[in-house]
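J.:
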Amino acid sequence: MANLTLIQAVNDGLRTVMKADDSVVVFGEDVGPKGGVFLATEGLTADFGESRCFDTPLSEDGIIGTAVGMAMNGLRPVAEIQFQDFIFPAFDQIVSEAAKLRYRSGGQYTAPMVIRTPYGGGIRGGLYHSQSGEAYFAHTAGLKVVIPSTPHDAKGLLIASIQDPDPVLFMEPKALYRAVKGEVPEGEYTVDLSTLRTVRQGGDVTIYCYGAMVPVVERAAAQAAEQRGIECLVVDLRTLMPLDEEGVLEAAKQTGRVVVVHEAPRFCGYGAEISALIAEHCIEYMEAPVRRVTGFDTPFPNTLEHHYLPDDRRVLDAIEAVYDF
Amino acid sequence: MANLTLIQAVNDGLRTVMKADDSVVVFGEDVGPKGGVFLATEGLTADFGESRCFDTPLSEDGIIGTAVGMAMNGLRPVAEIQFQDFIFPAFDQIVSEAAKLRYRSGGQYTAPMVIRTPYGGGIRGGLYHSQSGEAYFAHTAGLKVVIPSTPHDAKGLLIASIQDPDPVLFMEPKALYRAVKGEVPEGEYTVDLSTLRTVRQGGDVTIYCYGAMVPVVERAAAQAAEQRGIECLVVDLRTLMPLDEEGVLEAAKQTGRVVVVHEAPRFCGYGAEISALIAEHCIEYMEAPVRRVTGFDTPFPNTLEHHYLPDDRRVLDAIEAVYDF
Amino acid sequence: MTDMLTVLAPDGATKKGFEADLPDAELLHCYRTMLLVRSFDEICLKLQRAGRIGFSIPNLGIEATQVGAASALRESDWIFPSYRDFGMALYHGIPAVEMMHNMFGNAEDSAKGRQMPVHFSFVEPIHFYSISSPIGTHLPHAVGAAHASKLRGEDTVHLVSFGDGGTSSLGFHSGMNFAAVWKSPVVFLCQNNGYAISCPSDHQTASDGYAVKAEAYGMPHATVDGNDLFAVRQAVLEAAERARRGEGPTLIEAVTFRMGGHSTSDDPTKYVPAELVEEWKQKDPVDRFRRFLERKGLLTPEQDEAMRADTLAEIDRAAKAAEATAAPGLETIFSDVFAEVPNHIRKQGEFLFDLSQRRGEADAGDGEFPL
Amino acid sequence: MTDMLTVLAPDGATKKGFEADLPDAELLHCYRTMLLVRSFDEICLKLQRAGRIGFSIPNLGIEATQVGAASALRESDWIFPSYRDFGMALYHGIPAVEMMHNMFGNAEDSAKGRQMPVHFSFVEPIHFYSISSPIGTHLPHAVGAAHASKLRGEDTVHLVSFGDGGTSSLGFHSGMNFAAVWKSPVVFLCQNNGYAISCPSDHQTASDGYAVKAEAYGMPHATVDGNDLFAVRQAVLEAAERARRGEGPTLIEAVTFRMGGHSTSDDPTKYVPAELVEEWKQKDPVDRFRRFLERKGLLTPEQDEAMRADTLAEIDRAAKAAEATAAPGLETIFSDVFAEVPNHIRKQGEFLFDLSQRRGEADAGDGEFPL
Ligand SMILES: Cc1ncc(C[n+]2csc(CCOP(=O)(O)OP(=O)(O)O)c2C)c(N)n1
Ligand SMILES: Cc1ncc(C[n+]2csc(CCOP(=O)(O)OP(=O)(O)O)c2C)c(N)n1
Ligand SMILES: [Mg+2]
Ligand SMILES: [Mg+2]
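Protein chains in written order, with numbering that gives the first Met the number 0: chain S, 0 to 324; chain W, 0 to 324; chain P, 0 to 370; chain D, 0 to 370.
1) Would you list the one or two residues that DSSP bridges to LEU162/D?
2) Do LEU315/W and GLN222/W have their C-beta atoms within less than 8 Å of each other?
3) Quick check: does the Cβ of ASP387/W come within less than 7 Å of any heavy atom belonging to ligand 3?
4) Should HIS128/S be flagged as near chain D, meaning a C-beta pair shorter than 8 Å?
5) Going by other Cβ atoms of all chains shown within 10 Å of its Cβ, with 16 needed for buried, is HIS305/W buried or exposed?
6) Quick one, what's near ligand 3 if you take every residue whose CB is closer than 7 Å to any heavy atom, in chain order?
7) Comparing C-alpha positions only, which one of PRO264/W, LEU74/W, GLU245/W, GLY294/W sits nearest to PRO341/D?
8) From GLY16/P to PHE291/P, what distance separates their C-alpha atoms?
9) Return yes when the C-beta of GLU59/S is under 7 Å from any heavy atom of ligand 2, and no when it is not.
10) At least one CB of chain D closer than 8 Å to the CB of GLU322/P: is that the case?
11) Does any residue of chain P bring its CB to less than 8 Å from the CB of ASN176/D?
12) Would PHE121/D pass as an interface residue toward chain S - the criterion being a Cβ-Cβ separation below 8 Å?
13) Helix, strand or coil for VAL190/W? Go by DSSP, reduced to three states.
14) So what does DSSP say about ASP54/S, is it helix, strand or coil?
15) Look at PRO288/S and VAL321/S and say whether their C-beta atoms are less than 8 Å apart.
16) PRO264/W touches chain S at which residues, Cβ-Cβ below 7 Å?
17) Only counting the same chain, and skipping five residues up and downstream in sequence, which positions put a Cβ closer than 7 Å to that of LYS252/S?
18) When DSSP builds the beta bridges, which residues end up paired with ASN2/S?
19) Which of the residues in the stretch 189 to 203 of chain P, read from start to end, lie with their CB under 9 Å from any CB of chain D?
20) Report the neighbours of ARG313/S on chain W: residues whose CB is nearer than 7 Å to its CB, in chain order.
21) Find out if the Cβ-Cβ distance for the pair ILE125/P, GLY225/P is shorter than 8 Å.
22) Rounded to whole angstroms, what is the Cα-Cα separation between ILE62/S and GLU301/P?
23) Is the beta carbon of LEU303/W closer than 8 Å to that of ILE344/P?
24) Roughly how many angstroms lie between the CA atoms of GLY141/W and LEU72/P, to the nearest whole one?
25) Would you tell me roughly how many angstroms separate the C-alpha atoms of GLY255/S and ILE206/S, rounded to the nearest one?
26) Answer yes if the stretch 113 to 132 of chain P comes into contact with the stretch 87 to 95 of chain P, meaning at least three C-beta pairs across the two stretches below 8 Å, and no otherwise.
27) Using the beta-carbon of each residue, which ones in chain D are nearer than 7 Å to GLU319/S?
28) Candidates GLY348/P, GLU360/P, PHE350/P, VAL336/P: which alpha carbon is nearest ALA98/S's?
29) Under a three-way DSSP split, which group does LYS319/D fall into?
30) Take LYS319/P as the anchor and find which of GLY86/P, PRO80/P, MET98/P, LEU7/P has the nearest alpha-carbon.
31) Any idea if LEU275/P is buried or exposed, counting beta-carbon neighbours within 10 angstroms, 16 or more meaning buried?
32) If VAL94/W and PHE82/S are in contact, beta carbons under 8 Å, what's the gap, nearest whole angstrom?
33) Nearest to ALA70/W by CA position, among SER22/W, ALA1/W, VAL198/W, is which residue?
34) Cβ of ILE332/P less than 8 Å from any chain W Cβ?
35) Mind the definition here: the stretch 100 to 113 of chain W touches the stretch 233 to 242 of chain W only if three or more C-beta pairs lie below 8 Å; say whether that holds.
36) Please list, in chain order, all residues of the same chain as ASP10/P whose beta carbon is under 7 Å from its beta carbon, the five residues on each side excluded.
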């Protein structure tokens, strides 16, 4: 066990699979000698050689497009998109190609690949270095979407994603890269790609969250317990697609009061699906409206991002609202 | 008044604004001499000249990117994307640029433009000529999303969209292009961009739908009335963003039983937002779970598309399920 | 246009000094493949007009490009085709009936009826990559697959085929650029057939032809007469050899002409000048190659007649067999989204299976949803 | 590299026969603008190191490209800048304090504090287009805006500036192609400063330089010494004149070197060889132009000193004024998404306004949510 930050855990995860499997290659913009703008790939070129970790031209379309080609021909590509905000030039390659290749070829060609990308706010990045696009990808059949919130999960989910036979979008909460630290087992281990993680037990209010919102929710839950004696069941979804729907519904039924938290804009955001599942499958258990605490339906601002991002106060407000309903 | 098909109404709408306003230009792949693959732009080059309606190279990125430039400099571009499935190469230009230009420039630069694109299934188009991507765009702050279901609305909403100061994605249900006919006023008129249309009154079950699903729902509602005496309130959303939320909630409260219908995959689809709004704002009025009748969470098949697409039978099943709950 | 390589004259004569590097049987196989393509076209057109298939893509006029290019590849090489490359598949022995299964989208279709017609996908006897509709996306795929071959030290060549319109796509830009930087073993084959649906070349690009676009990427290029099987073959062979030697990619522009509409849904008379069609008729690639074979004493008019009847019959049999094959089962809607069917999709499948049974639909099959 | 236009030697001498076409006051304005850029850089670096702004982009070494290009434009022309084009804005009289408002993202920032620093946006005194972070997206915008100018019969020129890395972007491919086909009045200015963050040119492209990429689009091109203000000016002037005459776009590659890191977050010593930096120090564009002015008798060392102090003071004042300006109001989160605030956004604004008031936060303002 080592005590690592989330970004160190990502680096460790990459090293672990690269050592075990020659077919794993890591590439993207500035991932080579520079080690990536967040240093997720630090030292990989030095340690594994330029053929295993290399820089690409400035084209996300090319990065993902060539990754699909490598994947279908025996490699296990791990492509980095420098910021999730810059994934959109590759949207066609992801949505039309990686996601649909197995289906359209009747399984003759497949794209076992991972797209790693830092997402989310909290670094004063404004419109284009802060976005959370999970809803776009979770809506796209054929893609898996994974978001860790702890160093342990970051490594275990990353290894599972690289070994997975399908394309996985691995979104890393950049606000947590260095903000969280935790015990990370050495060597290879995986975290299952369709089970949620119960962060905190409680019988009064269920809160769903993922990524950088997990610590925010944890703080709010602690305050709710302290200030009001409200006990929250906090669920870290981890794998947004495929979602552990049974687990989600089970958690909702346990309290009958639900809050869903994410950074992305609310309208047609991922939280809407959670609400919809509840409205569809356990509305009769609900004691209160389902509240969403999310980013606003605007682009991401810069100076005022602390007002834009859900914080513990906003989550606490929602907890109280559904509890007091 | 003329009795027109939906595609004729689109053509009529384009002609009407082009006549009234010199700054309106129409362009895209094959929209010139060929008149578009569905003939939406038939005769426009002949009647208005090549500078008003013209073909572009095969690049959706270029089409939307140049449209943004034209829009900020005084033109009113109406760009066609040949099939909505081919909009993804332009996703970055739409999501990062058109949608965010006003915001990021503090209103100094704006992109009043329309992207017309046929969407949806029913023409045996398989994975890449059948998709319904409304959720991607409705989730993107800064874009309006409009989907007509009648010739009258097609023309009125199109004119309103072209005159609107913001970028509008105008999705045309290609399955209805020639399948529906209706009275269309001559000359200029507009349909407001944020009001739903009540298609059928009823006090038992509320059904939300749009585009090509409207006639399907109408048939199912008629059957429900005939076979079971169930009276459905059928709502055509028309403008998916901004949504007439008051109208939506009002309609839900009227019956307490809700069905949402769309062609796109269910997971994180537009229907989830409708469910979520209801779970948030009028869960206490609900007498039954909110049912979604949608495409499956798979890519779009070809031979079996009639099984993939919601039909009246599936809608009827859902009506009965929420009614009998 | 810059120098265009031509070997075979319209009258079937070959350039001085040219010696076909193919054995006679191979020459006849090339010719027969072109006839197969014509037959395939003809029968698909009829099927489409009769409403028995939904759509097809005419290949008339471009057979020599397809077959010439295919003839330069080994079976261990990969082909990343466009939807208009019937001849590449047929040349390498993909059975016509397999292709017809796709035209009908039936249960035997390797794409399980999920794709439109002409969206073939094969892994045997050659990798004939799964065609997708979005234009240009397969160029980076070829580069990535080639990069994998190269990393493993194989001498596999990856040929990727696309149209004049395809050069405007994003995939062209990123694919060409990455391949040149990585020195990937790729042959980029641009089939300049004059139009992208209705868009003529002067609306597609301001460059003089398409081969010159390679200059932007520091990539070698060649322009060849696309109606001359030998010229195409030679250029692809040379490019493939360069690639095998580790010297990187080449862009080849084959100048040809789409004699039919873009697809069976298209009416080209709206935008293609009739004179142009007339002009290109004179350059028919199949006639040209036939005259060559006749000159060489490899084919008599009678043998030609027989071969034509034979290929037509072969395709006809394939079509009949495919038409007689059942539609795919309902489970094909839900499988292959992921390697394993996740719960939410399984439930949707069960729902549909149950619904279809309640409706008494035969294609639901018996018993449980099988996935 | 193919012929590169140079006019000004490192010692300040100009090529035989060259006659600067700018009046003395203009020459001094060019020089002063370059000093302003350096001062802006210096002060931003300090502010960033002190944690008072979040981020900046060094311009050291590329001032001549920016100012030379800007000097070739009229105020009615449009500039579509990259984030590294401080000099173009300053040359055309955009007040430094306006730019500083953006660096601090304050209430006076024309982007209302929504963008990161260095993402300027102005419409006066010249159209200095709103910078966005995604690389290359603004190329098609310039083409579209130029097309609008052309349709109206104006002689406006649209200059779009981007880096060597930007040539790999999608917007480069579609922007160049559309402009060439449409003969749009656009000047494409590629600032080849050696790196795209850490990616050197040989990992970016296999072509010999970037100008040659214009060949793919049938577009004229030129390569100029980017550290030579006159060379850049001349090339842009010529391209602009072509554009005004209706003869279409030009690609200009200005060969220069980014002497600093990519941004204040970057450590270039990790990937830039020290020798290379040394080599380019000798070609410093500001020193070069200073020597020219000295030779011409337009500037003494004392005047230079004074001008440097003056520009530094000007930027310092600007920074202080900007820092003293309040943050934007909460309503700026919700306005400008659409021309009118729709109901759902208004409600979210009211919610936040109410929450902030309950929290006793000053920036909420008084009373009702104002939108
Ligand atoms: C991204 C994308 N945009 C538009 C289309 C619609 N479309 C299908 S084929 C075609 C023209 C292709 O022309 P070209 O590349 O020259 O190939 P050809 O059909 O002539 O062989 C177009 C525009 C598409 N399939 N994909
Ligand atoms: C689409 C996109 N991908 C990645 C980035 C991250 N990024 C910011 S600047 C940059 C390098 C740009 O290099 P170049 O075009 O040469 O301009 P320079 O910074 O050297 O002036 C990269 C990769 C981005 N902004 N946009
Ligand atoms: Mg073509
Ligand atoms: Mg650069």
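In this text, a Cβ means the ideal position worked out from N, Cα and C, and glycines have one as well.
T.: Let me lay it out:
1) Residue identity differs from the one stated: residue 162/D is Gly in this sequence, not Leu. Beta-bridge pairing links GLY162/D to GLN190/D.
2) Their beta carbons are under 8 Å apart, which means LEU315/W touches GLN222/W by this criterion.
3) Because chain W in this structure spans residues 0 to 324, residue 387/W falls outside the shown range and cannot be described.
4) Yes - at least one Cβ of chain D is within 8 Å of the one on HIS128/S.
5) Counting the other Cβ atoms within 10 Å of the Cβ of HIS305/W gives fewer than 16, which makes it exposed.
6) After applying the 7 Å Cβ criterion, the set is GLY162/P, ASP163/P, GLY164/P, GLN190/P, ASN191/P, ASN192/P, GLY193/P, TYR194/P, ALA195/P, ARG257/P.
7) Taking the Cα of PRO341/D as reference, the smallest distance to any Cα among PRO264/W, LEU74/W, GLU245/W, GLY294/W is reached at GLU245/W.
8) The straight-line gap from Cα to Cα measures roughly 15 Å.
9) Flag set: Cβ of GLU59/S near ligand 2.
10) Chain D has no Cβ within less than 8 Å of the Cβ of GLU322/P.
11) So, interface residue.
12) PHE121/D does not count as touching chain S.
13) Three-state result, VAL190/W: coil.
14) Here ASP54/S sits in strand by DSSP.
15) Taking a C-beta distance under 8 Å as the contact criterion, PRO288/S and VAL321/S qualify as a contact pair.
16) Contact of PRO264/W with chain S by beta-carbon distance below 7 Å involves HIS138, ALA140.
17) Residues of the same chain with a CB within less than 7 Å of the CB of LYS252/S, apart from the 5 flanking positions on each side, are CYS281, TYR284 in chain order.
18) According to DSSP, which records beta bridges pairwise, ASN2/S is partnered with GLU182/S.
19) For chain D, the residues of the stretch 189 to 203 of chain P that bring a beta carbon within less than 9 Å of one of its beta carbons are ASP201, HIS202, GLN203, in chain order.
20) Against chain W, a Cβ distance below 7 Å from ARG313/S picks out nothing, because the smallest value is about 15 Å.
21) No. Outside cutoff.
22) Cα to Cα, ILE62/S sits roughly 54 Å from GLU301/P.
23) Contact: no.
24) Each residue's CA atom was taken as its position, placing GLY141/W and LEU72/P some 50 Å apart.
25) When only Cα atoms are considered, GLY255/S and ILE206/S end up about 11 Å apart.
26) The answer is yes - the stretch 113 to 132 of chain P touches the stretch 87 to 95 of chain P, with three or more Cβ pairs under 8 Å.
27) Per Cβ cutoff of 7 Å: no residues; GLU319/S is ~12 Å from chain D at best.
28) Nearest in C-alpha terms to ALA98/S, of all of GLY348/P, GLU360/P, PHE350/P, VAL336/P, is VAL336/P.
29) The three-state reading of DSSP puts LYS319/D in helix, counting H, G and I together.
30) Here the closest residue by C-alpha is MET98/P.
31) So LEU275/P counts as exposed.
32) The beta-carbon separation of VAL94/W and PHE82/S, rounded to 14 Å, does not stay under the 8 Å limit for a contact.
33) Ranking the options by Cα distance to ALA70/W, first place goes to SER22/W.
34) Chain W contact via Cβ: present.
35) Because the criterion of three Cβ pairs below 8 Å is not met, the stretch 100 to 113 of chain W and the stretch 233 to 242 of chain W do not touch.
36) These residues qualify, in order along the chain: ARG290.
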